[in-house]
Amino acid sequence: MRERLLTGAAIIVLTVMLGLTLLPLGLMLYTSLKPAGTLTKQVSQVVIADFELGELNAIGGPMGVQATGASTVTKVFVPPQPEPRRNRVLALTYAREDGEARWWTRLAQDARKFEALEFLVRGEVGGESFTVDLVDPRGRRTSLPIQQYLRGGVRPTWMRVRIPMEHFSLALLTPGRTERTAEDLAFSFDGGAGTVYLDDVRLIFRQWTLSNYYDVMVSGPFGRYFFNSLVIALVITGANLLLSSMVGYAFARREFPGKRTMFLLILGSIMIPPQVMMVPIFILMKHLNWLNTYWALIVPSLTLPFNIFMMRQYITKLPLAIEDAARIDGASDLQIFFKVILPLSKPALAVVGINTFMGAWNTFLYPFLLTKTAEMRTLPVGLALYKSLQGVDWVHLMAGSSITAIPVIILFLCFQRYIIAGLTSGSTVG
Amino acid sequence: MSHYLVWGKVLSTVALSVYTGPSMKRRLAHLALISSVCCSALAVAAPAPAEEVTLEFWELSASEDVMRTLLDKFESQHPGIRVRLQQLSWDYGLDKIITAVAAGNPPDVCDLGTDWLPKFSSTGVLRDLTDDLAPLKDQHLLWEPVTYQGRLYGAPWLAGTRILFYNRELFAKAGLDPDRPPRTWDELREAARRIQGLGPGIYGFGLFVGEPYAPWQLFMPFAWGHGADVLSRDLTHCTLDSPAMIEAMDYYRSLIPYAIVDRQPEVNQLFANGKVGLQISGAWNFALIPQMNPTLNFGVGLLPRPSADRGAPASFAGGQDLVVFTASRHPREAVELVKFLIAEEQAMDIAKAQRNVVPTAKSSIENPYYASHPEQKLFFEQVAYAVAPPSHPKWVEMQEHLTRAVEEVLLNQRPSRDALGAAKARIEAIVAEPETHGRISDTAVMVGFGLAGLVLAVAGLVWTRRRFLAHRRRQGLAELATSYFFVAPWLVVFLVFGLFPLLHSIVISFSRYNLLSSQMSFVALRNYWEVLREPDFLRALWHTIAFAVGTIPFTMSLALFAAVLINRKIPFKSLYQAGLFLPVATSVIVIATIFTYLYSTDGLVNAVLAKLGWAAPSPSWLLNTRWALPAIMFMNVWASFGYYMVLFLAGLQTIPDALYEAAAIDGANEWQQFWNVTLPQLKPIVLLAVVINTIHTFQVFPEIFAMTQGGPLGATTTVVWYLYETGFHRFDMGRASAVGYILFLIIMGFSLIQMRCFRMGDEAGE
């Protein structure tokens with residue numbers, strides 16, 4: 153009974169801890185799926201124009217009217233000057249003859265993020281008629297007649313119109329361009345003449361979207377960063393699995409002059425702050441002509457002192473009897489290492505592997521210093537630069553952060569069994 | 012085969028770099044320059060350039076796409092010249108440029124922040140562009156920052172200044188005229204007071220702290236407009252204690268009750284969300300506001316002047332200048348690129364895309380773009396009143412103390428006279444400090460390295476020879492060769508990428524070494540001596556120790572607690588284990604990004620506190636001199652305990668069940684079992700964990716780098732941040748290296764003490 157109570161308490165305490173631990177990461181993931189907003193806020197819409205700002209629309213783009221041939225359009229703000237306590241609307245007076253007559257405004261928004269376009273409209277007498285157009289960056293337009301969304305057409309009273317974005321989307325799938333930008337919004341008038349009042353034009357965001365990931369990975373540079381990080385982390389991990397266990401084996405099992413000194417050097421080099429070496433390393437890499445290459449990011453980490461230390465501790469504890477038996481059977485030193493020591497060290501190798509991968513994947517200082525071009529940046533460097541360049545763009549920042557965090561998390565989830573087992577026998581100070 | 016080539020290259024370059032000191036490198040650079048000048052002279056004589064020239068161009072803030080488009084245009088207009096672009100950012104750019112200059116590898120053309128320029132002009136690394144740019148002088152604004160001793164060392168490219176933004180809606184609510192921004196100091200304060208009175212969560216004005224530049228850049232316009240400045244006109248003494256300066260600061264502090272004191276980005280966001288009545292800000296607000304809160308009804312105006320009949324509506328002249336490094340091998344082409352980029356057409360493209368800068372070309376005011384963007388046009392009017400900071404080569408060091416004075420007043424309520432007086436003393440010291448022109452001769456460097464190498468080699472040979480022979484008698488040569496074969500991977504990597512930089516940095520730590528000018532002189536132990544007597548270093552050391560002492564016990568006990576709980580037979584064990592480990596697997600940069608938001612004024616932590624009815628500290632966590640370090644410490648514990656938990660979990664598996672069974676038979680309860688069985692058995696692992704954690708906490712850096720940059724008022728300056736700042740902000744690499752080795756000794760000392768303590772515990776227990 154007592155036992156069960158304690159276990160129950162343990163589960164409750166652990167669950168609370170788990171919640172607190174995962175909260176920030178959860179926020180990261182949650183934010184990365186929002187179309188816009190910050191970690192705690194969700195923005196539900198973008199106001200395109202409420203006509204308080206005059207010639208600029210609310211998102212900072214210009215607006216205007218356009219008429220060809222004998223057609224005319226004029227736009228007037230009502231009231232003409234903004235007044236603190238009064239709503240301001242746009243009045244468009246048109247006469248459509250042989251040419252085009254339209255009002256337009258710049259959007260430059262990613263159409264995938266939105267669910268619908270909404271606006272308020274009324275006519276002077278009712279029955280005025282126009283099409284709602286979205287124009288893609290190449291100037292191609294999709295036009296949707298207003299009657300389709302406003303049964304009975306425009307009326308003298310204010311009506312709210314809602315047009316789902318899917319209805320526009322076909323034309324926005326521009327071949328050759330990956331993003332689907334809605335460049336301009338336009339209202340093109342049909343035949344006849346009249347006056348139409350507009351207010352409160354807005355785009356309504358979707359609830360969830362994967363477009364942030366798409367933006368940073370495909371349109372943005374994170375795909376390349378990801379590749380670089382992966383190459384570097386995999387090579388460093390592979391090299392350490394082999395080389396660090398070789399060195400660790402030598403320190404655990406073999407006698408040779410300089411062994412004690414070298415081992416002290418290994419321990420000592422764990423303690424030097426890496427910042428001390430920044431300038432000397434940079435100068436060295438420059439002389440080697442390795443700046444901005446994978447070499448500079450990989451070679452210095454081929455055998456990491458901490459891994460050597462781990463492997464040495466583990467191998468020291470392996471029973472000597474198996475090795476002796478192999479030796480009696482005539483196995484050479486190399487054979488003993490590859491056929492006996494390595495297979496027996498699997499648990500320690502798992503620890504070394506995941507530790508090294510995590511370290512190489514997340515490291516910031518040297519990749520930042522030694523890379524020059526965007527093609528060579530790793531994820532943390534790219535993320536730090538992205539953060540300082542686009543400081544307020546939380547949704548993309550969090551998508552980039554998630555891309556940086558998720559692979560290591562998955563790796564850990566796959567290998568955690570081995571890690572516990574490996575640490576069990578490998579990490580004690582001998 | 013290829014391996015031989017690689018290693019041959021490694022060895023020869025190592026040898027080469029050992030025997031060429033930095034001054035030698037300079038000489039080589041000069042040689043290269045001279046030869047390139049000769050080459051270009053030849054090129055003038057020859058009818059056509061024979062080969063394609065590639066220019067390296069580093070640029071700070073425009074988006075890569077926009078810049079690439081411009082460069083493509085340049086390349087098509089100038090066949091035979093190609094431009095390689097590297098994108099930097101304001102936060103990280105300076106370090107990279109300096110490292111590259113120090114390594115003798117700067118770009119041909121570079122974009123520099125206006126206030127960095129004097130630093131570079133004075134060291135002779137920039138090309139004198141006076142003759143090239145003289146014809147353009149009438150067509151552009153803002154030449155002061157690029158002028159040093161009467162010569163031009165750069166070209167003004169893009170100008171950024173600050174204007175007043177105000178929230179019309181809050182103005183109307185507070186009974187103010189929404190069409191009339193305040194014009195004088197009194198009107199500004201009155202408007203701020205009335206808006207602040209609208210209720211909690213609404214602020215009248217925004218005052219900046221917590222960053223290296225923003226605090227003084229916001230304050231100085233008030234001083235400039237009032238006729239005060241930091242340095243006298245001839246730059247020989249500091250005038251921070253002038254009556255006008257003190258008046259300006261007194262006025263500034265009188266705004267505190269009606270303002271939010273926060274970091275500039277936070278204030279920008281609050282303003283965009285309609286929570287701040289008035290804010291002085293750059294043009295980036297035009298990009299930010301539509302993104303954050305498109306319906307915000309705001310207006311803009313010139314900065315206020317001291318009174319209607321006195322002073323000027325001065326503002327801060329920031330911006331970007333283009334420079335050509337003397338090390339450039341293609342100066343003619345580089346100058347072409349500079350001229351191309353500063354021309355109105357190109358600068359206008361950047362201004363349109365970025366919306367936070369205006370071209371320095373005077374003619375841009377006529378550009379049709381500004382007719383449709385009247386708000387942005389105001390920047391041109393403001394630029395006329397914009398003042399550039401003094402062009403003293405050590406301005407970068409001085410501004411730090413100015414920021415400190417502003418923060419002392421805003422955060423610690425220190426009287427203006429005191430705070431400015433303290434800053435004046437420090438700035439006077441910087442002005443008085445002579446430039447170190449002494450340099451170590453090539454012979455001295457060579458003899459030094461040679462002797463050291465000889466001594467090491469002889470000692471090593473004598474020592475190993477004896478042992479080597481002894482071993483050889485026992486084991487035979489083949490056996491030894493195998494051993495060295497196994498150690499070789501580490502040995503080679505260590506010798507090249509460990510030992511060599513290590514020796515190099517030791518030499519640097521014994522020298523006065525200016526990163527920028529590459530001047531180096533041997534000063535023996537003086538760096539160490541000076542560092543140990545420097546109050547800022549001791550404070551940083553104290554912060555580091557506080558950090559270690561304040562985190563290690565929590566990290567360890569939390570990790571142990573979680574490990575013991577998970578080790579019970581509970582369902583979904585691996586779920587808990589993995590979940591608690593996740594922060595460890597996450598990049599510090601990611602974690603710092605998230606926590607910066609959580610700790611911000613309108614962040615989650617404050618929201619939760621408000622729900623619970625508790626007062627949040629003001630200013631918010633990372634800006635509060637008392638709470639910034641604990642806030643980072645908390646984050647550190649959160650982010651790292653999972654690692655040690657896994658270590659302990661592993662350790663727990665090794666404890667034989669028999670021990671617990673025996674203890675249970677003896678009648679020990681859970682608690683007693685923990686103390687008498689678990690803890691003693693775990694001791695070796697706990698020792699390892701404590702040692703690792705100590706090393707990590709003593710080297711804490713990325714968190715500080717990404718979150719507070721050592722601030723506010725140095726409250727989060729740890730030893731490694733101090734090292735970084737000394738080396739890469741003050742360019743004193745000699746001292747920085749000395750700090751590094753002092754830290755190394757401290758870490759080693761602590762580790763040894765810890766091991767000794769645990770050993771003694773062992774012996775006592777036996």
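These protein sequence lines are chains A and B, in that order. Using the numbering used here, the first residue of the first sequence is number 153, and each one after it goes up by one. Using the numbering used here, the first residue of the second sequence is number 12, and each one after it goes up by one. Just so it is clear, CB atoms sit at the ideal spot from N, CA and C, and this is done for glycine as well. Computed from a prediction, not measured in an experiment: that's the story for all the values here.
Contact residues of the region 415–439 of chain A toward chain B are LEU417, ILE418, GLY420, SER421, ILE422, MET423, ILE424, PRO425, PRO426, GLN427, VAL428, MET429, MET430, VAL431, PRO432, ILE433, PHE434, ILE435, LEU436, LYS438 and HIS439 (C-beta to C-beta distance below 8 Å). Judged by DSSP in its simplified three-state form, B:ALA225 adopts helix. Interface residue (Cβ-Cβ distance to chain B less than 8 Å): A:THR309 is not classified as such. Interface annotation, B:ILE706: in contact with chain A, CB-CB separation under 8 Å. For the set B:PHE505, B:LEU506, B:TYR495 and B:TRP501, the Cα lying nearest the Cα of A:LEU486 is the one of B:TYR495. Taking a Cβ-Cβ threshold of 9 Å, none of the residues of chain A is close to B:LEU506; the smallest such distance is about 10 Å. The closest CA to that of A:ILE418, considering only B:LEU510, B:VAL560, B:SER568 and B:LEU571, is found on B:LEU510. Between the C-alpha atoms of B:THR566 and B:ALA436 there is a straight-line separation of about 42 Å.
Shown here for A:SER397: same chain residues with a beta carbon closer than 7 Å to its own, the five before and five after excluded, namely MET463, LEU494, SER497 and LEU501 in chain order. Boundaries for A:ASN444: no alpha helix (DSSP H) harbours it, and the DSSP string shows neither H nor E there. The residue among A:LEU535, A:VAL560 and A:PRO426 with its C-alpha nearest the C-alpha of A:GLY372 is A:LEU535.
Under DSSP, the beta-bridge partners assigned to B:PHE327 are B:VAL398. Listed in chain order, the positions of the region 366–388 of chain A with a beta carbon within less than 9 Å of a beta carbon of chain B are PRO373.
About 19 Å separates the CB atoms of B:VAL542 and B:VAL711; that is not less than 8 Å, and the two are not in contact. The C-beta of B:GLY614 has 16 or more other C-beta atoms within 10 Å across all chains shown, which makes the residue buried.
Less than 8 Å separates the beta-carbon of B:ALA397 from that of B:PHE327. Not flagged as an interface residue toward chain A: B:TRP154, since no C-beta distance is shorter than 8 Å. Counting C-beta pairs with one atom in each stretch, the region 451–459 of chain A and the region 503–517 of chain A have three or more that are closer than 8 Å, which means they touch. With fewer than 16 other CB atoms across the displayed protein chains lying within 10 angstroms of its CB, B:ARG476 is exposed. Taking CB atoms only, A:ILE460 has a neighbour in chain B less than 8 Å away. Listed along chain B, no residue sits closer than 9 Å to A:LYS491 by beta-carbon distance, the nearest being about 15 Å off. B:LEU593 belongs to the set of residues whose beta carbon lies under 8 Å from a beta carbon in chain A.
Chain B has a Cβ within less than 8 Å of the Cβ of A:ARG406.
In the pairwise beta carbon analysis, the region 468–475 of chain A is classified as not touching the region 358–376 of chain A: fewer than three pairs are separated by under 8 Å. Per DSSP, B:VAL311 is one residue of the beta strand (DSSP E) stretching across 309–312. With a 10 Å radius around the Cβ and a threshold of 16 neighbouring Cβ atoms, B:ALA626 comes out exposed. Between the C-alpha atoms of A:SER381 and A:SER223 there is a straight-line separation of about 59 Å. Fully enclosed beta strand (DSSP E) runs of no fewer than 3 residues occupy 197–201, 215–219, 224–230, 241–248, 253–262 and 266–275 of the region 193–281 of chain A, in order along the chain. Per DSSP, B:GLN692 lies in no beta strand (DSSP E) segment; the continuous alpha helix (DSSP H) that holds it begins and ends at 690–709. In the structure shown, B:ASP149 falls within a coil segment according to DSSP collapsed to helix, strand and coil. Nearest CB-CB separation between B:THR65 and chain A: not below the 8 Å threshold. If you check the CB distance, B:PRO192 and B:LEU175 come in under 8 Å. DSSP places A:ILE356 within a strand segment (E or B) once states are collapsed to three. Straight-line measurement puts the Cα of B:VAL136 at about 46 Å from the Cα of A:GLY410. A:VAL387 carries a helical assignment under DSSP once its states are collapsed to helix, strand and coil. Within chain B, the C-beta atoms nearer than 7 Å to that of A:MET510 come from ALA596, in chain order.
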